[in-house]
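Number of protein chains: 2
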Amino acid sequence: MRFTVTGCAGFIGSNLADRLLQKGHAVTGYDNFSTGQHEFLDEAFKSPRFQFIEGDMVDAKRLNDAVKKADFVIHLAANADVRYGAERPSKDLEQNTFATFNVLEAMRQNGVHRIAFSSTGSIYGEPEIFPTPEDCPFPIQTSLYGASKLAGEGLISAYCEAFGMQSYIFRFVSILGERYTHGHVFDFYKKLAANPNEIEVLGNGKQRKSYLYVQDCIDAILTAIDHPQAQAKINIFNLGSDEYCTVDESLGWICQRLGLNPIRHYTGGERGWVGDSPFIFLDCNRIRSLGWRPRLTIRQSVECTLDYLMKNKRLFDRR
Amino acid sequence: MRFTVTGCAGFIGSNLADRLLQKGHAVTGYDNFSTGQHEFLDEAFKSPRFQFIEGDMVDAKRLNDAVKKADFVIHLAANADVRYGAERPSKDLEQNTFATFNVLEAMRQNGVHRIAFSSTGSIYGEPEIFPTPEDCPFPIQTSLYGASKLAGEGLISAYCEAFGMQSYIFRFVSILGERYTHGHVFDFYKKLAANPNEIEVLGNGKQRKSYLYVQDCIDAILTAIDHPQAQAKINIFNLGSDEYCTVDESLGWICQRLGLNPIRHYTGGERGWVGDSPFIFLDCNRIRSLGWRPRLTIRQSVECTLDYLMKNKRLFDRR
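Chains as they are written, first to last, in this note's numbering: chain A, 44 to 362; chain B, 44 to 362.
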């Protein structure tokens, strides 16, 4: 099969491209390198089945070139930084909602009819049911990031209905692992590198979060899109682990790995930032029923992410 | 209070403006006359408290002028024609989602923090619970119109969280009454005027739909925004009647009123068009708990709409 992967130079996209190529598929990558990294594609470029087109998600014409030969589009390109929505409200709308529309239009115009989409557990806002299932009560959005992904999901579903497409919508928890370039492990490690004796923690440290290792995430995506029991018009899956940890616990694992014991300064409050959900924990029975299981625990994921960052300190110079 | 009403020259907007002016409020109307009608504003223009700005929802600068003095924005402007989404996919995105973003940005930039929004029962897609409550299981979108309104709801909620705004989101069934200019009563009457002996019915005629009279709709909006029990950050209300009818029944009432008995030709299928929901029936206990009740039955609403259209045949020349 020929896959087009948007956001192909990013954390998840580049790992996914490598895996698809390993499995013998052809991959067309699309990225604007706004957060993606050239060297994340080094492995992919070794394959003759890899093709890359540099372009932005708002460039409909270029995107069209990237999509036109695909059997399947995996749309990962996004503004993935949930924290800064309130500072730049148009960014989520443009890079997430409008970008998804452009992908769908490129697919429609070229008769491409299968798509997988990286949505987010943040679209549950602040749910009342934990672990939160896919069909929980109609949620209320609490972040611009979540709202923009919700809009993307809605567009994809409506296109499936109107134009005979088939979709796989994955609502991710935060993903960890090799090539990770932003998020709490990144921030904590960066702060501790600058000052090993003290650290600022956003919120009260008691926020409960769930994480998933990137290779487990990719396993789940590939399990679902090939599975005979997941061939509905619209297939929606939570993707996460069956556990959660607090920010404090995660910081503890990081400090232990680094051999540090900094004084923690909390900014206070239940939420780390506006729109931060104090508790994210997804019910993943639906994807588990297809035979998928995560291989790494959250702690193992945090530790391997930290190990990766320690070996790749250059990533800190780029932000 | 000074209200800004987007879509002010439209069916619901112009009726709402008249009511607000009657109640002593000041109103700034905003409309591009794409479907709105100049004469719908004749009554409003008699009031010195009415101001009108002509402009499109994508014109952020002009919209800013319309919003800047408001205490409360009632955002009704939209592409309200659910049927044609698949023919012009970008229209819903632009006129509904992007337009809502522009309203929110104009509000944020001018420190306006209260908004009411006309959403739709179509965002429930094809629900499994009837009557459908506001907190039904997370729905899957079946129309571009519904998806675009869902995106609008998400944006509004996220803005409330991020910028301290307060919102009233109303999920309407189809609205009927004076100044109605599109929908099934319009279409049936137009077809019967051209040929009183035969009529084409989209679908199998058994689609079950709920309707609400425009003045009842306006009563509900004004009840909610003033109500001490509806002062949460985000207030979501279904707006409909506690009954539904089939397309066949509604056509029967229309034919009876016109003294006709045409042969009915059904295009067939459960749905009138792609994305049409075969059954819309909303649980309106939440708005009823504030003391609101609709005054007209669906049959009375259909009949008064027909009477209005018979007296205003010029509306048919404009489409």
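Ideal placement from N, C-alpha and C gives every residue a C-beta, glycine not left out.
Predicted model only: the values in this text are computed from it and were never measured.
- Between the beta-carbon of Glu196 of chain A and that of Ser165 of chain A there is about 12 Å, and that puts the pair past the 8 Å contact cut.
- With 16 or more neighbouring CB atoms inside 10 Å of its own CB, Gly220 of chain B falls in the buried class.
- DSSP places Arg214 of chain B in the uninterrupted beta strand (DSSP E) bounded by Gln209 to Phe215.
- Around the C-beta of His308 of chain A, fewer than 16 other C-beta atoms lie within 10 Å, and the residue is accordingly described as exposed.
- Annotation for Thr163 of chain B: the continuous beta strand (DSSP E) segment containing it runs Arg157 to Thr163.
- Annotation for Gly248 of chain B: Val290, Asp291 and Tyr309 place their beta carbon closer than 6 Å to its own, counting only its chain and skipping 5 residues before and after.
- Sequence-ordered contacts of the stretch 294-316 of chain A with chain B are nonexistent [C-beta pairs closer than 8 Å].
- Taking C-beta atoms as the reference points, Ile158 of chain A and Phe46 of chain A fail to come closer than 8 Å.
- Rounded to whole angstroms, the separation of the alpha carbons of Cys203 of chain A and Pro170 of chain B is 17 Å.
- For Lys233 of chain A and Trp335 of chain A, the gap between their C-alpha atoms comes out near 34 Å.
- Looking at the DSSP output, Asn281 of chain B shares a beta bridge with B:Arg214.
- In the three-state reduction of the DSSP assignment, His227 of chain B falls in the helix class, which pools H, G and I.
- Glu243 of chain B is bridged by DSSP to B:His308.
- In chain order, Pro180 and Phe181 make up the part of chain B whose C-beta sits under 9 Å from the C-beta of Cys179 of chain A.
- For a Cβ distance threshold of 7 Å, residue set Leu136 of chain A lies close to Phe144 of chain B, ordered along the chain.
- Not a single C-beta of chain B is nearer than 8 Å to the C-beta of Ala123 of chain A.
- By DSSP's assignment, Thr185 of chain B forms no beta bridge with any residue.
- Per DSSP, the continuous beta strand (DSSP E) segment holding Leu255 of chain B begins and ends at Tyr254 to Tyr256.
- Separation of the CB atoms of Ala275 of chain A and Val317 of chain B is rounded to 18 Å, and the pair is thereby denied contact status at 8 Å.
- Residues of the stretch 196-224 of chain A with a C-beta less than 8 Å from any C-beta of chain B: Glu196, Gly197, Leu198, Ser200, Ala201, Tyr202, Glu204, Ala205 and Phe206, listed in chain order.
- When 8 Å is used as the limit between beta carbons, Leu193 of chain A is near these residues of chain B: Leu193, Ala194 and Gly197, in chain order.
- In the DSSP assignment, Tyr287 of chain A falls outside any alpha helix (DSSP H) and carries neither an H nor an E.
- Scanning its chain for C-beta atoms nearer than 6 Å, with the 5 sequence neighbours on each side dropped, one finds around Phe144 of chain A the residues Leu198, in chain order.
- Rounded to whole angstroms, the Cβ separation of Ala267 of chain A and Ile330 of chain A is 6 Å, and the two are in contact under 8 Å.
- A Cβ-Cβ separation of about 14 Å leaves Met150 of chain B out of contact with Ala120 of chain B under the 8 Å criterion.
- Secondary structure note for Glu97 of chain B: its beta strand (DSSP E) is the uninterrupted segment Phe93 to Glu97.
- The secondary-structure analysis by DSSP pairs Thr71 of chain A across a beta bridge with A:Thr47 and A:Gln94.
- Counted as a single uninterrupted DSSP element, the stretch harbouring Ile172 of chain B is not any alpha helix (DSSP H), since DSSP gives it neither H nor E.
- When DSSP reads this structure, Ile117 of chain A sits in a beta bridge with A:Val48 and A:Ala159.
- Here Leu219 of chain A carries a strand assignment [DSSP, helix/strand/coil].
- With a cutoff of 8 Å on beta-carbon distance, Leu282 of chain B and Arg214 of chain B are scored as near each other.
- By the neighbour-count criterion, in which 16 or more other beta carbons inside 10 Å mark a residue as buried, Ile279 of chain B falls on the buried side.
- DSSP places Leu147 of chain A within a helical segment (H, G or I) once states are collapsed to three.
- Rounded to the nearest angstrom, the Cβ distance from Tyr188 of chain B to Cys179 of chain B is 19 Å, too far for a contact under 8 Å.
- If you draw a straight line from the Cα of Leu84 of chain A to the Cα of Val257 of chain B, it is about 58 Å long.
- In the structure shown, the three-state DSSP call for Pro180 of chain A is strand.
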